[in-house]
Every structure is written in structure tokens, then in C-alpha cells.
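Asks: Mind looking over this structure? Questions follow.
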Amino acid sequence: MRALLGTHKSVTLLLLLLFLVLLSRRVRSLNPSLNDDVLGLIVFKADLQDPEGKLSSWNQDDDTPCNWVGVKCNPRTNRVSDLALDGFSLSGRIGRGLSQLQFLQRLSLSSNNFTGSINPSLTRLPTLRTMDLSQNSLSGPVPGDFFKQCGSLRAISLARNQFSGNIPASLSLCATLASVNFSSNQFSGSLPPGIWGLNGLRSLDLSENMLEGEVPTGIEVLKNLRAINLSKNRFSGQVPDGIGSCLLLRTVDFSMNSFSGNVPDTMHRLGLCSHLSLSNNLLTGIVPNWIGDMKSLEILDLSRNRFSGQLPSSIGNLQFLKIMNFSSNSLTGSPPGSMVNCESLLVLDLSQNSFSGDLPGWIFGSGLEKALHSESKLSGILHSVTKLEVLDLSCNDFSGEIGSSIGALSSLKYLNLSSNSLVGSIPATIGELEKMVVLDLSENKLNGSIPLEIGGVSSLKELRLNINSLSGQIPGSIGNISSLTTLFLSQNSLSGPIPATLGKLSNLQVVDLSFNSLNGSLPKQLGNLPNLFSFNISHNYLQGELPAGAFFNTISPLSVAGNPSLCGAAVNKSCPAVLPKPIVLNPNSSSDSPSDSLPQNLGHRRIILSISALIAIGAAAVIVVGVIAITVLNLRVRSSESRSAAALAISAGDDFSHSPTTDANSGKLVMFSGEPDFSTGTHALLNKDCELGRGGFGAVYRTVLGDGRPVAIKKLTVSSLVKSQEDFEREVRKLGKVRHQNLVALEGYYWTPSLQLLIYEFVSGGSLHKHLHEGSCGHFLSWNERFNIILGTAKSLAHLHRLNVIHYNIKSSNVLIDGSGEPKVGDFGLARLLPMLDRYVLSSKIQSALGYMAPEFACRTVKITEKCDVYGFGVLILEILTGKRPVEYMEDDVVVLCDMVRGVLEEGRLEECVDGKLHGNFPVEEAVPVMKLGLICTSQVPSNRPDMGEVVNILELIRCPSESQEESG
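As numbered in mature numbering (1 follows the signal peptide of the UniProt record, and there is no 0), residues -29 to -1, 1 to 940 make up the sequence shown, in order.
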């Protein structure tokens, strides 16, 4: 301050500056030297969306932007010199505000989502040296005069945008340019000839565009050029001869074009070139001998051309070469022995040529990490290799055995010896390859057994031994390879059972064991594999029933064909109706035999009550008004209570009483798997609080087995209509064998002449009706959840229909949602328990929910078929999509959902019907077809409704339309 007060001039200047600072808070435009940068950046920001608030520090009341995020200033002038906003998640347009930054030297806006056309004023900034707009969504043509006033621009990158049109000829006017990157756009047309006039150019990248025509002559003037990349375009003609004059070139990439003719001989002068790629062109002739003069080469890729003849021995001079690729040519002879001098070689690909003779031994003596020789015609016996990570010798004519020394390849991750003529057994040392990820020995002549040591290859993901002559059993040690996803053992002579240890391989996706001699039954553990989507066991000698599980419930018949003793829906052959060791209990028998007494491990010696106690349970839990049989039954219970107080209660400590008689009071409990234990939960049948719901067949209660597993018990209220015990048990057993991931599993039953209980798996998520119309804990179903429920329900009905089971009672309260959001359909097939399918009984008891009932129920002359399920399912679709009940009662009207949706369809407003809870968050291209499908399913004429199998196919095509396009293409 003392210095400023020293002279009158300094005082005047200070006062002037203070005045301007104060004045600038109200009129920012009065002093450009202080305010142009602030104004320009604020205007620039106004055109943007900043979802992450990265530019929150940009305050228009600040005197200077030098402390703003992404902004740097020249410390001497206090003017903005750098603006770097890379990866800020910004979107919007690049407006004119940046043109105010007259001292800007570096502009970098890469990796954002800027849209629109490029602003022509950007290149007119007088001091701009670097412009990076790469990795955005900018589009349209670059203006023809964009580079006419490019000032001192030295580097420009427009890479990875959506620019189109020609590269402006005005580019040649930017004499100061050193780096140009227009890669990964949609530029088209020919290359402007004037581009070679940029004699200061060091790097040119025009790759991944649609440029075409011949490369203009004159490249030889680019004496400073270090890198040129014209790959992935449509250039034709010859490789420009003048390229050999660019002596400083380090990288040349002309791959994936249509260049033809010979490689120009002038390229031998590129002694500094380390990367040369001419792959995927139409080049012809021989690989030139002078290639060995390019001694700095580290990458040499001449693959996928039309080269012929032998490889020159001069290749051995390339001591720094790491990657050599001559695949997919017409090369002949043997690789030259001089290649042993390529000491740095890591990758060698000579595949798909016409090489012949023995595989040269020098390959196994080098530090090679990858040797790829697939589809050549090399022959000979495998040598010992020690350092390879990837070895591909597939599609050749190798013979001999795989030596035990293969175990020394401790670094090997990928071994492919397929499609050769290898003989002998697989050496046990294969188990020492602990880093192996892929092992492919398929299509050879290998024999002997699969070694047990294969289980030691813990990292293995793919094991392919198919099409050989292997014999013996599949070793159980394969179950130790926890990462295994693919197992191909088909077309061998394997025998014995499929090991149960395969059920431990939770990552397993594809299995092919077809065309062997495997026998025995399939392990049940296979049904628990969560990622399995292909399992081919066709043409073996397997027997018994397929495992129950998500995949095996829908397995293709082709995958199990050729096994005469297999049974199940997939082979269209019923299995014997003998359930595995059912537990049958007779509470009135005095026998001590296992079938008549309770297991001791239930925790109580007797847990079955007499008939009077069971009737007391039923009377206390279910009172069905209007059903005379149940009323009479209740009276019997009350009279029984006065006579036998000892048999009344069921609680945690009470038992079922045993009676020596075998009259109508006898009861029978059957569980399809495991042992029944209601010792801690039977009292719930008397507990009103445990009631889950009521339907046309009866009430459902939740109880817990002795092992802690919850179950749902349905107490049937149609006792007067139920078939005889023999017919009842036969039908229930059939329903118990119906298994599908989208069906509620029937796990057992209890029978007396006057009381029947059905025991189901417990589904915790509640009913679809509650989710749609009440909201489950405030959660409303998303579009994906609704679609998955529709698809899963359709699959369950299609499965039932394949088994000739009609549901008859499709409604949202019978579709349950499990903990993972999957639908499970319950109450299926209960009409089979009635003595006859009387449509009036069904109407009153089963189809009690108005709106789901197919119209043929009202007509005695129309046959009741699976199409009534299709109708109910169609109504369910409309209910799920609209969120409305099938029938809604208004003040002055009754709205039938099907009629309402059809009316809206005729008005072209179908998407307006979608549930408002989705708030528009649904794909119209899926919602409208699904709703139309629902209307088709509710056609008044049964024959006009699709089959449920067709419905599933249609839904899958709606969800994945690209698959249908690929198939039709």
C-alpha cells in the first residue's frame, strides 16, 4: 500500500480499480478484462444439465472464475487458459458462451453427453491450442469453414461422436495442426487431398468411419508423421507408395479396409516402426523378404489377406517382435527355423493356412505365451512346452499321444488340441494344470477313461472331451471343479451312472452327455442347479423319472430322447404312480408296525387324534353357512365333545388318540417326501389368527412342521362332493407329482370320509390380488415384475395343460408371489377331486370370483376344456396391466374389465389403460401387445383363443423381439 501511495499515478490507478470492482457487481459487462470470462462461462453453464452438481461452484457473483472447478487461469493475466470438464456427466449443447474466453488455450469436454452440432465459433478463439470433444453425442456434419480461422490450433479430437458428412477441406488450412483424431464417427466420402499439406502433422487417426476411395498421393511430405491409423474404413486401391518416406513412423494401421496389390517395397525403410497392421484387406503376393529389415517391429499383423508362398527366413531378425499374426492366408511350407531368434515372441498365430510338415520344435523352446496354429495342416507329435499360457493347435493333422509332460505347463490357461488325430489316453498329469480355464480335446481318437485327477483343475470353466473313444465312468471328482460352466462328453463310450456330485456345480450352464452308454437314474441333486439352461442326455440307457427342478420341468424332449426307460412329461410317458416311501398312519390301529405307528423322532408318541377330535378342529375353524353336510358334521362334533373330553384338544403337548376300531373315524396321513411332524404346529388349525384365506374349496391355514418348515393346509369344505377314498387318493397323488417352479407344490394330504386336508408348500409373499389392489407394505408392482408374473403364470398353465390338468380357477387370489418375486399358481386341479365335472358346481364353488368365468360355463352343449383356463388367464393379464378388478361396481353402472379394454382399443387409446401406479414407467412396445394378447385370450369363442404354449411363445417374443428377427433372418 505504501508503494501504491508513493505516486499520484498509483493512487489514481488503485481508486479506479476499486471503483470498477464495486461497479462490476451490478454491471458485469462494463469491464471485459474482468468479466468476459465469468459471463462466458455462466452463459455456457446455462445451456447445460449438470445432474451431479459438478459446476455448483460456478457463481455469477464472483469477480473471477479462477477458483471454479475445472477452470485454470494464467497467473499473470488472471484470464482463463484451461477449461477441463472431462467426465462430469454434463449434457446439453455447447453454446456460444465459450467464445468469450479469448485467452483460452486448452478446451477439454470429453466423456460427457453433449449433443447437437459443433459450434463453429470454437476454432476462432485466437489462442486455442488443444480442443478435445471426444466421447460425447455430438452429431451432424462439421461446417465446411470450421477450420478457416483455426488460429494456433495444434491438436483436435472429435473421436467417438456421431459426426457425419465429409471431412471439411478447410482442415488443410490449419498449418499448425500436429494431432488430428476423428475416429469412431460416421464421416464418409473420400479423404481430402489437402490433408497431406499439414506438414507439421505427427498423428492422424481417421479409423472407424465410412471413408472410401483411394488414399490420395502426397503422404511423403509428412516428414514428422509418427502414427497413422486408417483402419476400419472402406479405402481401396493400393497402400500409398510414399508412406516409406515417413521415416519417423512408429505406428501404421491400415487394417480392415479393401486395399489390394502388394505391400509397397518402400516400407522397408521404416526402421523405427514398432506396430504394422495390414490385416483384413485384399493384399496379395508373398510376404516380402525385406520385412526382416523393420527391426523395431513389436507387432506384425498381416492376417486375413491373400498372401501365398512361404514365410521368409528374415523374420528371424525381428528380435523385439512380441505379436506375429499371419492367420487366414494361403501360406505354405513350414515356419522358418530362423524364428527361434524371435526371443520376445509372446503370441504366434499361423492358423488357417496351408502349412505342412512337423510342428517346429523351436516353438517349445522359446518364451512364447500363446501359440495359435488352428486350421493349418501341420503334423507330428506334440513336444514339451513350459511357458505357454494359451496353446491352440486345433484343426490340424497332429498325431500321436499327449505326453505326460503336458503337466509341466504350469502357466497354461487355454489348451485346444481339438480336431486332430491324437490317440492314447488323457494323461493323469492334466490335473496339475491348476490355472487351466479351457480344456478342449474334442474330435480326436483318444481312448481310455477320464482321469480322476481332472478334479484337480480347480479353475476350469470349459471341459470339452466330446467325439472321442473314451470309456469307463464319469469320475465323481468332476464335482470338485466348482467353476465349471460347460461340460461336453458326448459321442464317446462312457458307461455307468451320472455322478451325483455334478449337483454341486452351481455354475454349470451347458451339459452334453448324449450318445454314450450311461445307465441308472438321474441324481435328484441336478434339479438344484440354478444356472442350467441346456442338459442333453439323449441316446443313453438312463431310467426312472427326471429330477424335479426349474430346468427339468421344461426340458426339451429332444434332450432326453433315446432313453427307453426314462419317464415323465418330457418323454410323454407316465411314471409308475408309486410315491417314494410314503408315510401312512392309521390312528385306530393297534399294530406296532411302522406303517401303523408314529415315528419316534416326531417328539410325541402319538400325534393323530380320533375322528371326533379332528371334527372338533374342523368345526372350530370352518363354519360354512348353507352347506348342510358341514352343519351336520358340526353337530356330530359337539355331541362327540360331550362324550370324549380326552380327545378334544390339539396343542403343543396333545396327541392324536388311537382307537382300536377301523370304522369311519379312521384317518390317513400321507407325505410325499420326508416324515410328517405337526408336533409344534397342529394347534394352528384351531387358531383363527393363522388363517391365510378362504376360497371355493375351503379355508387355508399356515402352520409349522416340527423341523421349523412352514406349510399351508387347505381344509376342504366340499366333503359331500369328494370322491371315494380310493379315487381321492389317486387324484391327489397325481397332483402331488405335478411340479413346476411356478406352481405351488402339493406335499401331502390327510383323509377321513368327512374331513380332507391338503398340505402345500408355504409361499411367503402373499397373493397377487393383494399386491395389485391393496399394495404389499406400500410396494406396488413395477412393469418388469408384472411382466414376469404374467409369463411365469403362463408357463405354469402350459405345464398343467401338457399333463392334461385343467385349473378351472384362475384368478389373482390364486396366484401367489414368493420371496424372489416369482409367481406360484395354487388351487390347480382340485376339480379332479369331485365325482363329476358338473359345470354348475364349478360355477358356484370354483369360479366363484365374478369376471374370470369363461362364457361356455353357461352353455351345457359346449365342452369344458383347457380354453376356459386361457379365458381366465386373459382376464388376469388385463387385471395385472390395468390394476383394475375384473368387475367393478360404480354408482350407476357395472364395469366389466374385458369390455372396457376392448372399447379403449377401438378408440386407439390402449396405452391409457395401463395402471396409473406405474406413472408411465413402462415400455409401450411391450404393454400394448400384451394387452392385445389378453383380449385375444378372452375371446367369446373357445376355438379363437390360443393354447397356453402359444401364449408363452408370444410373451417371450414380446419381451425379446430381436430373437425372432434373428430366426427369421
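No residue lacks a Cβ here, since even glycine has one placed at the ideal position from N, Cα and C. Bear in mind that the values here come from a model prediction, so they are computed numbers and not experimental data.
What are the start and end residues of the beta strand (DSSP E) that includes M642?
Replies: 639 to 642
Asks: To the nearest whole angstrom, what separates the beta carbons of P235 and V210, a pair I think is in contact under 8 Å?
Replies: 5 Å
Asks: Using the Cα positions of S429 and P494, report the straight-line distance between them to the nearest angstrom.
Replies: 23 Å
Asks: Which class does A379 belong to by DSSP, given the choice of helix, strand or coil?
Replies: Helix.
Asks: Taking DSSP's pairing of strands, which residues face C121 in a bridge?
Replies: In the DSSP output, where bridge partners are listed per residue, C121 has none listed.
Asks: Indicate whether E403 and E372 have their beta-carbon atoms separated by less than 9 Å.
Replies: no
Asks: DSSP state of M407, grouped into three classes?
Replies: coil
Asks: If you draw a straight line from the alpha carbon of Q496 to that of P468, how long is it in whole angstroms?
Replies: Taking the straight line from one Cα to the other gives about 13 Å.
Asks: Is the CB-CB distance between L61 and K25 below 9 Å?
Replies: Contact flag set, yes.
Asks: Could you tell me the distance, in whole angstroms, from the CA atom of Y842 to the CA atom of E878?
Replies: 23 Å
Asks: When you compare the CB positions of L714 and L771, do they come within less than 9 Å of one another, or not?
Replies: Cβ atoms of L714 and L771: closer than 9 Å.
Asks: What's the call for K766, buried or exposed, on a 16-neighbour Cβ count within 10 Å?
Replies: Burial is judged here by how many other beta carbons sit within 10 angstroms of a residue's own beta carbon; K766 has at least 16 and is buried.
Asks: Less than 9 Å between the beta carbons of M824 and E718, yes or no?
Replies: no
Asks: How many whole angstroms separate the CB atoms of S123 and R100, which I take to be in contact at a CB cut-off of 8 Å?
Replies: Contact holds; Cβ gap of about 6 Å.
Asks: At which residues does the alpha helix (DSSP H) containing S453 begin and terminate?
Replies: Element bounds for S453: n/a, residue is neither H nor E.
Asks: Would you give the residue range spanned by the beta strand (DSSP E) that W722 belongs to?
Replies: 717 to 723
Asks: Leaving out five residues on either side along the sequence, give the residues of the same chain with a beta carbon under 7 Å from the beta carbon of N524.
Replies: Contacts found: R710, H711, Q712, H770.
Asks: Taking DSSP as the reference, what is the three-state secondary structure of I373?
Replies: coil
Asks: When the Cα atoms are used, what is the spatial distance from P306 to N251?
Replies: 21 Å
Asks: Taking only three categories from DSSP, how would you classify I469?
Replies: coil
Asks: Grab the span of the alpha helix (DSSP H) containing P917 for me, first residue to last.
Replies: Premise fails: P917 is in no alpha helix (DSSP H) and is neither H nor E.
Asks: Along the alpha helix (DSSP H) that carries V776, what are the first and last residues, could you check?
Replies: Here V776 belongs to no alpha helix (DSSP H), and DSSP marks it neither H nor E.
Asks: From the DSSP output, in three-state form, read off S815 for me.
Replies: With a pLDDT of only 46 at S815, under 50, the local geometry of the prediction cannot be trusted, and the value read off the model is given with reservation. Residue state, collapsed to three classes: helix.
Asks: For T101, list the residues DSSP reports as bridge partners.
Replies: R77, A126
Asks: Determine, using beta-carbon pairs with one atom in the segment 146 to 163 and one in the segment 172 to 180, whether at least three such pairs fall under 8 Å.
Replies: Between the segment 146 to 163 and the segment 172 to 180 there are three or more C-beta pairs closer than 8 Å, enough to call the two in contact.
Asks: Where do the ends of the alpha helix (DSSP H) carrying F699 lie?
Replies: 696 to 707
Asks: Quick one: grab the DSSP three-state call for A55.
Replies: strand
Asks: If you follow the alpha helix (DSSP H) that V872 is part of, which residue opens it and which one closes it?
Replies: 868 to 877
Asks: Any idea which residues DSSP pairs G491 with across the strands?
Replies: Beta-bridge pairing by DSSP links G491 to L513.
Asks: Between P112 and D18, what straight-line distance do the alpha-carbon atoms span, to the nearest angstrom?
Replies: 21 Å
Asks: Inspect the CB distances between the segment 914 to 927 and the segment 775 to 786 and report whether three or more fall short of 8 Å.
Replies: no
Asks: Going by DSSP, name the residue or residues bridged to S301.
Replies: S279
Asks: Starting from F153 and walking both ways along the beta strand (DSSP E), at which residues does that stretch end?
Replies: No beta strand (DSSP E) holds F153; DSSP gives it neither H nor E.
Asks: Of all the options T836, P913, G763, F506, which has the alpha carbon lying nearest to the alpha carbon of I851?
Replies: G763
Asks: Contact check, S327 vs G304 under 8 Å by CB: the rounded distance?
Replies: 7 Å
Asks: What separation, rounded to the nearest whole angstrom, lies between the Cα atoms of P164 and M181?
Replies: 17 Å
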